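Protein chains in written order, with the UniProt record's numbering: chain A, 1 to 267; chain B, 1 to 311.
Please read the structure below before turning to the comments.
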C-alpha cells in the first residue's frame, strides 16, 4: 500500500546502495585463488608445467642419451628441470593466460572493479608461486626417488628460493611484456616457441658446454641458463649463488619490467 | 548534489574518425538515463569515457562528482559496470566468477541470491565459455550490481536477449531505480528507452540531438492515425481541417496509413477527431484502426535524424 499523499519512499531492497571495496588482502587472495583454479583446470598448461619436466627428469636420468659428466645424471638434471618448471609457469603459462585474458576483456573488466593493478599483479604472482611450490614438490619427490643427493644445507635451500623468486620476477615481467603487446594467438605461438628453444639451449638437460664455445656468452645471458646454473651451484655444490646468474636475472627483471610497464596494453 | 554523471563537450577521435563530437549530457542520481542512438553513434565511447576506460581528447566528465581517471580508486567501488561483451575468464565457472566479483566489495549481494534472481542458478557450475549469449549477458549484469553500487553503467544490456530475458532485465532495472541506484544505459531500441528511462539522451554522429524527460520528448505532439484506401483526396481532407494541420501518407500493403498532426488551437482534441470522422462519413470512407496517440520515441528519432536506425 502506498499513501498517495506522500512521495513513495525508496524501497529497501537488496539493491539499496552500500558501496565499498573489500580489504586489499581479501581481494588479492580471492583473485589469486581464481587464477590458481583456472590454471589447474587447464590441461595444456599442466602438460607444460608438470608432465614435460617430470618426463625429462625421468627419461634422461634412467637413460644415457646425453653425456652429463661424471656424477649421477639426476644430480645434474634436477636443478635444470626445476629451472624449466619455474619458466613454464612464470613465463609460458602466464604469457598465454594473460594474453587471452586481455583478448577476452577479462583485464578490462577487472579494471572496472575495485581490484587495483597492483592487486592483480600480486594475485597473479601468488598463483604462480603456489603452482611453482607444487611443481617443486613433485619434481623433488621424483628426483629423490631416482637417487638425487643434493649437498645443499638449509642455506643452500634459502639461496635456491632466492634465485627462484628473482627468476620468477624476470620471467613474469617478460611474460607480461609479451602478453600485453602481441595478439593472443601470437603470444600463444611465441611463448611455446620460446619454451622449446630455451629448453634446448638453456642448460636444462643439455649442458651449455656441449655447444660451440662462441655461443657460450649468448647462452649464459639467457634467463633460463642463469637460473639452471645458479640452482646447480647452490643445490649440487652447496655453494653461494655465483654472481653472474644473479646479475643476468636482475638485468632481465629490470629490462622486462621497465618495458612491460611502458608498453603493456590492457585491451 | 543530485547529479550522477555530468559530461561537458566530450570529444573522442580514433585516427580520422570522430566518435564523439562535442557531447554533453547530465544523468541524475537515482534515476534511469538512456543514451539512445543507432550503432556507431558514439554511445559506447561516451560510456567508456565515463567509466574511466578511455580518456576524452577534450571535454570534462564528472561521475558522482569525481574524475573517472584521476579518482578511479575512490570511484570504482561505487560504480558498477556491464561491458558490451566479454569480461569473464572463459575457464572460470559462472558461480565462482560472480563470487569473485562479490569478494571485491564490502557489502555485496550474495552471489547465490543474484544467480537465483536472474535465472542462472542452474548454470552456476557451468564454465563461462559454455554459457549461452543470453546467460553471459545476465551474468555480466549480475556482476555490475553485486557490489551494491550507487550508479551502474549498462552498455546494451539487452542486446541479443530473448523476450523473457529482456523482460527480466527490465524488471531488474526498475528495481534498481526503486532502490535509489542511478542507471546509465545505452540502447538502440526505442522501446527499451521508452519503457525504462526517466531521462532520454538521443545521440547521433557523436552529438546529442535531443535530451529530455522521456515524456517531454514524446508528449509535446500527438497524432491521429488511420488506415484507408490509397486514393483518398487529401487536399479535400486538409481543407476540412483547421489551419496549421498536416496530413502525411504512408503506403502500407494494399492500404495507406494517414497520419494527421495539428498545431491548431485546441490541438488534437475531440472536436478535431469529430471533424476528421465527419469528413470521412461525408465521403463514404471507413477510417480503420483510427487512433489518437502520443508520438513514439521512434517518431521523434526519425524526425531528428531523418532516417531509419542503422541495425
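From the three backbone atoms N, C-alpha and C, an ideal C-beta is built for every residue, glycine too.
Since the model is a prediction, treat every value here as computed from it, not as a measurement.
| When you compare only the Cα positions, how much space is there between residue 21/A and residue 104/B? | 6 Å
| request: Check whether the Cβ atoms of residue 45/A and residue 120/A sit closer than 8 Å, and answer yes or no. | output: no
| Does the beta carbon of residue 3/B sit closer than 8 Å to a beta carbon anywhere in chain A? | no
| request: Mind checking who residue 12/B pairs with in its DSSP beta bridge? | output: 20/B
| Less than 7 Å between the CB of residue 280/B and some heavy atom of the ligand NAD, yes or no? | Although the ligand NAD was asked about, the structure shown includes no ligands whatsoever.
| task | Using alpha carbons as the reference points, say which of 74/A, 125/A, 113/A, 144/A lies closest to residue 93/A. | result | 125/A
| task | Would you mind giving the Cβ-Cβ distance between residue 203/A and residue 229/A, rounded to the nearest angstrom? I have them listed as a contact below 8 Å. | result | 6 Å
| message | Suppose you measure from the CA of residue 251/A to the CA of residue 166/A; what does that come to, to the nearest Å? | response | 10 Å
| said: Can you check which of these residues, 208/B, 161/B, 31/B, is closest to residue 41/B by C-alpha distance? | reply: 208/B
| said: Short of 8 Å in beta carbon distance, which residues of its chain neighbour residue 252/B, apart from the five on each side in sequence? Order them along the chain. | reply: 227
| Whole-angstrom distance between residue 14/A and residue 23/A, CA atom to CA atom | 22 Å
| Can you name the residues of chain B whose CB is closer than 7 Å to the CB of residue 105/A? | 83, 85, 86, 87
| query | Looking only at C-alpha atoms, which of 161/A, 259/A, 215/A, 57/A sits nearest to residue 138/A? | reply | 57/A
| said: Quick check on residue 252/B: does DSSP put it in helix, strand or coil? | reply: strand
| Cβ-based burial, residue 299/A [other Cβ within 10 Å; buried from 16] | Outside the shown range of chain A (1 to 267) lies residue 299/A, about which nothing can therefore be said.
| query | Mind checking whether residue 94/B and residue 131/B have CB atoms under 8 Å apart? | reply | yes
| query | So the alpha helix (DSSP H) residue 119/A belongs to, where does it begin and stop? | reply | 117-145
| message | For a minimum of 4 consecutive residues, which ranges assigned as the alpha helix (DSSP H) are wholly contained in the region 145-208 of chain B? | response | 163-178, 190-196
| 8 Å Cβ shell around residue 6/A - same chain, five flanking residues per side excluded | Reliability of the predicted coordinates at residue 6/A is poor, the pLDDT of 39 falling under 50, and no value is obtained from them.
| field | DSSP three-state assignment for residue 285/B, whether helix, strand or coil | value | coil
| field | is_contact[residue 25/B, chain A] using C-beta, thresh 8 Å | value | no
| task | Enumerate in chain order the residues of its own chain whose CB-to-CB distance from residue 107/A is below 6 Å, with the five nearest sequence positions on each side excluded. | result | 101, 266
| message | The beta strand (DSSP E) that contains residue 206/A, what's its start and end? | response | First-last for residue 206/A: undefined, no H or E at that position.
| field | Distance CB(residue 23/B)-CB(residue 203/B) smaller than 8 Å | value | yes
| query | If you measure beta-carbon to beta-carbon, which residues of the region 37-50 of chain A are closer than 8 Å to chain B? | reply | 37, 38, 41, 42
| Does DSSP put residue 113/A in a helix, a strand or coil? | coil
| query | Should residue 209/A be labelled buried (16 or more other beta-carbon atoms within 10 Å of its own) or exposed? | reply | exposed
| said: Can you give me the C-alpha to C-alpha distance between residue 176/A and residue 187/A, rounded to a whole angstrom? | reply: 10 Å
| query | For residue 48/A, does the three-state DSSP call read helix, strand or coil? | reply | helix
| When DSSP builds the beta bridges, which residues end up paired with residue 195/A? | None; residue 195/A has no bridge partner.
| task | Pick out whichever of 190/B, 196/B, 166/B has its Cα sitting closest to the Cα of residue 177/B. | result | 196/B
| request: Note down the Cα distance separating residue 183/B from residue 183/A, rounded to an integer number of angstroms. | output: 34 Å
| task | Take every Cβ of the region 245-260 of chain A, pair it with every Cβ of the region 215-224 of chain A, and state whether three or more of those distances are shorter than 8 Å. | result | yes
| task | Decide yes or no for the touch test of the region 231-243 of chain B against the region 272-290 of chain B: beta carbon pairs closer than 8 Å, at least 3 of them. | result | yes
| field | Residues near residue 198/B by beta carbon distance below 8 Å, same chain, minus five either side | value | 28, 31, 32, 33, 177, 213, 214
| Got a sec: is the Cβ-Cβ distance from residue 101/B to anything in chain A below 8 Å? | yes
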